[in-house]
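Have a look at the structure below before the remarks.
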Amino acid sequence: KNAPIISLFFADNKEIFLSKAIHKCFIEVNEEGSEAAAASGMIAISRMAVLYPQVIVDHPFFFLIRNRRTGTILFMGRVMHPETMNTSGHDFEEL
Numbered sequence: 001k002n003a004p005i006i007s008l009f010f011a012d013n014k015e016i017f018l019s020k021a022i023h024k025c026f027i028e029v030n031e032e033g034s035e036a037a038a039a040s041g042m043i044a045i046s047r048m049a050v051l052y053p054q055v056i057v058d059h060p061f062f063f064l065i066r067n068r069r070t071g072t073i074l075f076m077g078r079v080m081h082p083e084t085m086n087t088s089g090h091d092f093e094e095l
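Each residue of the sequence shown is one higher than the last, beginning at 1 in UniProt numbering.
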């Protein structure tokens with residue numbers, strides 16, 4: 001919850017919390033040699049962070065994005081198999 005490493009990045013004494021830590025790695029070994037890559041990231045938030053409502057997607061649905069002022073539909077799509085999606089909303093593995 002309170003991560004001391006956060007104090008390295010902020011000079012003031014505001015309460016900062018580590019919200020999410022991500023580490024992804026990849027390694028491939030074959031006849032030609034090996035290749036590896038890694039990436040890490042952290043998301044820090046203050047107590048004043050905005051909390052968005054949780055949306056649970058457990059059945060197929062249609063969605064659209066439209067311009068509020070004109071009502072023009074900018075994008076339309078559908079989710080047919082939400083059980084195959086990962087937490088980022090994609091149905092494929094991210095790196």
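Think of the CB as a built atom: it goes at the ideal place given N, C-alpha and C, for glycine as much as any other residue. Note that the coordinates shown come from a computational prediction; the quantities given were computed from them, not determined experimentally.
Simplified DSSP state of residue i, which is helix, strand or coil
i: E32; result: coil
Of the residues the options, the one placed nearest residue i, counting alpha carbons only
i: I56; options: V79, V29, E28 and I27; result: V79
i: H81; options: C25, N67 and H59; result: H59
i: F61; options: V29, E83 and E32; result: E83
Whole-number beta carbon distance between residue j and residue i, since they are thought to touch under 8 Å
i: A36; j: I27; result: 4 Å
Sequence-distant residues of its chain with Cβ nearer than 7 Å to residue i (five each side left out)
i: residue 96; result: Look at the range of the chain in this structure, 1 to 95, and you will see that residue 96 is not part of it.
i: L64; result: I73, F75 and M76
Own chain, CB closer than 6 Å to residue i, minus 5 neighbours either side, in chain order
i: H23; result: S40
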